[in-house]
Amino acid sequence: MRDLLKGRAISDIFSWRSPSFTALGRDAGSLSDDELIQLMLQEPRLIRRPMVRIGDELVVGADTKSLESALGRS
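For the sequence shown, the numbering used here assigns the number 1 to the initial residue and increments by one for each residue that follows.
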């Protein structure tokens, strides 16, 4: 997963507003990167989607502007 991110924070791909995360009752500020990865491996719904790699750029979530920019359609 770290290879996929290429320098971006693990928290960038974590779905903080997911009902699955809310149900855990965990404090977002208290989780380490390793804990976030473990949670995403245990519960894939905690991974923000869609996730698209275009060249060296990773676009995460429904970010139309970033996706259009990565595709050269800005």
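For each residue, glycine too, the CB sits at the ideal point set by N, CA and C.
Cutoff 8 Å; reference residue i; Cβ partners in own chain excluding five residues on either side
i, result
"I10", "M1, R2, D33, L36 and I37"
"G29", "none"
Burial state of residue i (16 or more Cβ within 10 Å)
i, result
"R48", "buried"
Neighbourhood of residue i by C-beta, 7 Å cutoff - its chain only, sequence neighbours within 5 removed
i, result
"L46", "F14, S15, S18, S20, F21, L39 and M40"
Residue i beta carbon near the ligand HEM (any heavy atom closer than 7 Å)
i, result
"S32", "The ligand HEM is absent from the structure shown, which contains no ligands of any kind."
Beta-carbon proximity list for residue i, same chain, < 6 Å, skipping 5 on both sides
i, result
"M51", "V60"
Report task. Check whether the stretch 24 to 33 touches the stretch 55 to 71, counting contact only when three or more Cβ pairs, one atom from each stretch, lie closer than 8 Å. Result -> no
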